[in-house]
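See below for the structure under consideration.
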Amino acid sequence: MKNTLMNSGHAAPGWTYSVAEHHIYGSSRLGVHNTNKLIASRENQNPIVYTSTNTEYTTLNRGKRHYELSNHLGNVQVVISDKRVSVCDEYLGVDRFEAEVLSAMDYYPFGMLIPDRQWYANSDSSNYRYGMNGQEKVDEISGSGNHYTAEYWEMDPRLGRRWNQDPKPHPSISNYAVFANNPIFYSDVLGDTVRGVNATSGTRMRDAIHNSFKGDDAAALRNLFKLGADGKTMASINESDFVNAVSGLTSDQQQLAYGYYNAINSTDVHTVEMVYRNEALSATTKGITGKSTGAELDDMAYGGFNVKTSSNSTFSAIVMDNAKHVGDYIDNKGASSFRAGSPGEILAHEMLGHGVGALRGSATSGHQDALQMSNLYLRAQGQGYYRNGAWHGTNVVLSKSTANQVPSFIQLPASIQSAINTRKFMIEITKPLIMERDNTYVKPPVILR
Numbered sequence: 001m002k003n004t005l006m007n008s009g010h011a012a013p014g015w016t017y018s019v020a021e022h023h024i025y026g027s028s029r030l031g032v033h034n035t036n037k038l039i040a041s042r043e044n045q046n047p048i049v050y051t052s053t054n055t056e057y058t059t060l061n062r063g064k065r066h067y068e069l070s071n072h073l074g075n076v077q078v079v080i081s082d083k084r085v086s087v088c089d090e091y092l093g094v095d096r097f098e099a100e101v102l103s104a105m106d107y108y109p110f111g112m113l114i115p116d117r118q119w120y121a122n123s124d125s126s127n128y129r130y131g132m133n134g135q136e137k138v139d140e141i142s143g144s145g146n147h148y149t150a151e152y153w154e155m156d157p158r159l160g161r162r163w164n165q166d167p168k169p170h171p172s173i174s175n176y177a178v179f180a181n182n183p184i185f186y187s188d189v190l191g192d193t194v195r196g197v198n199a200t201s202g203t204r205m206r207d208a209i210h211n212s213f214k215g216d217d218a219a220a221l222r223n224l225f226k227l228g229a230d231g232k233t234m235a236s237i238n239e240s241d242f243v244n245a246v247s248g249l250t251s252d253q254q255q256l257a258y259g260y261y262n263a264i265n266s267t268d269v270h271t272v273e274m275v276y277r278n279e280a281l282s283a284t285t286k287g288i289t290g291k292s293t294g295a296e297l298d299d300m301a302y303g304g305f306n307v308k309t310s311s312n313s314t315f316s317a318i319v320m321d322n323a324k325h326v327g328d329y330i331d332n333k334g335a336s337s338f339r340a341g342s343p344g345e346i347l348a349h350e351m352l353g354h355g356v357g358a359l360r361g362s363a364t365s366g367h368q369d370a371l372q373m374s375n376l377y378l379r380a381q382g383q384g385y386y387r388n389g390a391w392h393g394t395n396v397v398l399s400k401s402t403a404n405q406v407p408s409f410i411q412l413p414a415s416i417q418s419a420i421n422t423r424k425f426m427i428e429i430t431k432p433l434i435m436e437r438d439n440t441y442v443k444p445p446v447i448l449r
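This note's numbering numbers the first residue of the sequence shown as 1 and each following residue consecutively.
Written as structure tokens, this is what we have:
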């Protein structure tokens with residue numbers, strides 16, 4: 001809903017307060033309802049505020065609802081109204097009805113309107129506020145369709161550059177670039193992909209990822225997982241830096257690290273809230289669950305949940321001090337035990353298993369993928385047990401073999417695996433060697449300084 005203050009039209013300080021429009025939403029924005037509904041007003045001579053008591057719509061105004069038709073990038077290309085237009089046959093009888101088309105437009109790659117590919121039904125039809133990538137136009141700055149605004153940027157589509165620096169910097173791309181310089185392939189609705197719901201959750205999420213990779217061998221990898229300028233969005237990671245950082249790690253650590261690397265560098269958006277039991281939940285989590293505190297969420301969700309919020313976004317909530325134990329942890333002897341998941345395990349389970357799996361279209365993202373990510377985390381931590389799923393979701397028990405597989409969308413691609421193997425080989429052949437009398441090669445001694 002957008003609330004707009006409008007002057008009453010008099011020189012004296014009288015005013016009216018009206019709702020100018022409502023956004024129409026399904027899984028994403030479908031259009032705008034131009035209501036211009038009076039909420040409150042004040043007369044010039046009387047300082048008392050008069051509030052409208054009629055909160056119901058009493059008339060049906062066709063043509064006030066405007067719906068957007070967009071392409072795969074979210075570019076608004078046609079705007080129609082809810083008014084139907086009759087089409088007559090040769091005998092002037094009504095043959096059929098068609099939607100009233102208000103405007104149609106096409107764009108150059110970065111969003112500038114193509115001059116000869118615009119059509120408007122009337123002078124008001126060009127006022128629809130959304131265009132390239134579904135973002136809001138700010139026509140008063142540079143003219144019609146020449147400036148866009150989003151949560152994390154102001155962008156000039158003629159230049160294909162943003163006014164501010166990218167809060168999620170990438171080493172190989174300018175901080176002023178948009179759509180990774182490839183607007184045909186990428187969309188960037190917020191102008192920023194793994195992010196905390198706020199700065200506190202962003203810091204906790206980063207720390208949970210760091211704690212997933214312990215030891216000196218993983219120090220370089222931990223340094224790659226850092227927050228961007230906004231303090232809550234994970235910064236992009238360069239592929240060669242990633243390869244160098246994971247080359248000396250175990251296969252399970254590499255797979256888990258790739259899961260986070262892939263989610264962070266993806267154009268999908270995974271928003272995460274990380275909260276303690278005694279803390280209040282964000283408005284987003286409250287709206288999804290109806291719960292108010294971390295303890296209430298923990299009691300309901302046993303440590304966390306993930307929900308798909310659009311075709312390219314998910315939302316997860318994680319209870320840091322999860323106190324709900326589940327009994328499907330199986331040790332190497334086949335005995336079960338009750339345990340509560342750590343923040344790192346729950347994050348891998350919810351965001352990577354459920355979340356990434358759902359956006360990749362995995363048919364098993366609701367159960368098997370999430371359990372496999374829990375078990376990948378446990379193996380990367382050197383733990384001697386796994387979850388078989390008896391206490392999870394559908395309660396379908398997975399065999400030990402299935403439970404310890406890696407979801408296909410998390411597996412290292414051949415190109416990165418090849419680069420890791422090459423890196424390991426180069427490290428090995430460049431190690432200094434010492435020749436002993438019997439021609440045996442041994443590693444050099446450790447020199448204490």
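Virtual Cβ for every residue (Gly too), placed ideally from N, Cα, C.
Among the options, which has the Cα closest to the Cα of residue i?
| i | options | result |
| --- | --- | --- |
| aspartate 298 | Pro413, Glu239 and Met320 | Met320 |
| serine 415 | Tyr258, Ser201, Ile346 and Lys226 | Tyr258 |
| leucine 73 | Val307, Gly134, Glu21 and Ala220 | Gly134 |
| serine 81 | Glu90, Ala104, Val94 and Arg96 | Ala104 |
| lysine 226 | Ser212, Asp217, Gly202 and Val326 | Gly202 |
| arginine 277 | Asp217, Gly303, Asn36 and Trp153 | Gly303 |
| threonine 402 | Gln368, Ser316 and Glu239 | Gln368 |
| threonine 250 | Asn265, Asp116, Lys214 and Ser282 | Lys214 |
| isoleucine 330 | Arg379, Pro343 and Gly287 | Arg379 |
| isoleucine 141 | Trp391, Trp163, Val79 and Ala220 | Trp163 |
| lysine 285 | Glu154, Phe305, Asn36 and Ser374 | Reading the sequence as shown, one finds threonine at residue 285 and not lysine. Checked all of Glu154, Phe305, Asn36 and Ser374; the closest Cα to threonine 285 is Phe305. |
| aspartate 252 | Ile288, Ile410 and Asn61 | Ile410 |
| serine 212 | Gln254, Thr267 and Thr289 | Gln254 |
| threonine 289 | Ser316, Ala263 and Thr267 | Ser316 |
| glycine 341 | Tyr176, Ser374 and Gly366 | Ser374 |
| serine 362 | Ser408, His325, Met351 and Ala335 | Ser408 |
| aspartate 268 | Val356, Ile318, Val79 and Arg204 | Val356 |
| isoleucine 318 | Gly143, Pro115 and Ser282 | Ser282 |
| proline 115 | Gly143, Ser236, Arg29 and Lys324 | Gly143 |
| valine 101 | Gly228, Asp124, Pro157 and Asp89 | Asp124 |
| arginine 204 | Arg222, Glu296, Pro343 and Trp153 | Pro343 |
| leucine 221 | Val197, Leu256 and Gly196 | Leu256 |
| arginine 62 | Leu376, Lys83, Val79 and Gln165 | Lys83 |
| glutamine 417 | Glu239, Met300 and Glu296 | Glu239 |
| asparagine 395 | Gly366, Tyr377 and Gly382 | Gly366 |
| arginine 117 | Tyr152, Asn312, Val78 and Asp89 | Val78 |
Going by DSSP, which residues form a beta bridge with residue i?
| i | result |
| --- | --- |
| arginine 62 | Its beta-bridge partners do not exist; DSSP assigns none. |
| arginine 387 | Tyr329 |
| phenylalanine 305 | Ala317 |
| phenylalanine 97 | Ser86 |
| alanine 104 | Val78 and Trp119 |
| threonine 293 | Ala280 |
| arginine 29 | Tyr25 |
| histidine 392 | Beta-bridge pairing links histidine 392 to no other residue. |
| tyrosine 130 | Glu136 |
| histidine 367 | Looking at the DSSP assignment, histidine 367 forms no beta bridge with any residue, so it has no partner. |
| asparagine 265 | Answer is none; asparagine 265 lacks a bridge partner. |
Skipping 5 residues on each side, what residues in its chain have a beta carbon closer than 8 angstroms to that of residue i?
| i | result |
| --- | --- |
| arginine 423 | Val243, Asn244 and Ser247 |
| glycine 131 | Asn75, Val76, Met105, Tyr107, Gly111, Leu113, Lys137, Gly145 and Tyr148 |
| valine 472 | This structure cannot settle anything about residue 472, because the visible part of the chain is limited to 1 through 449. |
| leucine 159 | Phe110 |
| arginine 327 | Note that residue 327 is glycine in the sequence shown here, rather than arginine. Ser336, Ser337, Phe338, Ala390 and Trp391, listed in sequence order. |
| lysine 400 | Ile330, Tyr386 and Asn388 |
| lysine 291 | Leu281, Thr285, Leu297 and Met300 |
Ignore the nearest five residues each way along the sequence and tell me which others in residue i's own chain have a CB closer than 7 angstroms to its CB.
| i | result |
| --- | --- |
| glycine 31 | Ile24, Arg65, His66, Tyr67 and Glu68 |
| glutamate 21 | Lys2, Val32, His33, Asn34 and Thr35 |
| leucine 398 | Gln368, Leu371, Asn388 and Gly389 |
| isoleucine 237 | Leu224, Tyr261, Ile264 and Asn265 |
| aspartate 241 | Leu224 |
| tyrosine 57 | With a pLDDT of 47 at tyrosine 57, under the threshold of 50, the modelled position of this residue cannot be trusted, and the question is left open. |
| alanine 323 | Arg277, Asp298 and Ala340 |
For residue i, which residues from the same chain have a beta carbon less than 6 angstroms from its beta carbon, with the 5 sequence-adjacent residues on both sides left out?
| i | result |
| --- | --- |
| aspartate 230 | Pro167 |
| lysine 308 | Thr314 and Ala358 |
| alanine 199 | Gly231 and Lys232 |
| isoleucine 420 | Val243 and Ser247 |
| arginine 161 | Tyr176 |
| valine 194 | Met234, Ala263, Ile264 and His270 |
| proline 183 | Pro109 and Phe110 |
Are at least three pairs of beta-carbons, each pair with one atom in the segment 267-274 and one in the segment 343-357, less than 8 angstroms apart?
yes
Runs of beta strand (DSSP E) lying entirely within the segment 149-235, each at least 3 residues, in chain order: 153-156 and 194-196
Let me know the alpha helix (DSSP H) ranges lying completely inside the segment 329-356, each 4 residues or longer, listed in chain order. 343-347
Complete runs of the alpha helix (DSSP H) confined to the segment 392-416 [at least 4 residues]
400-403
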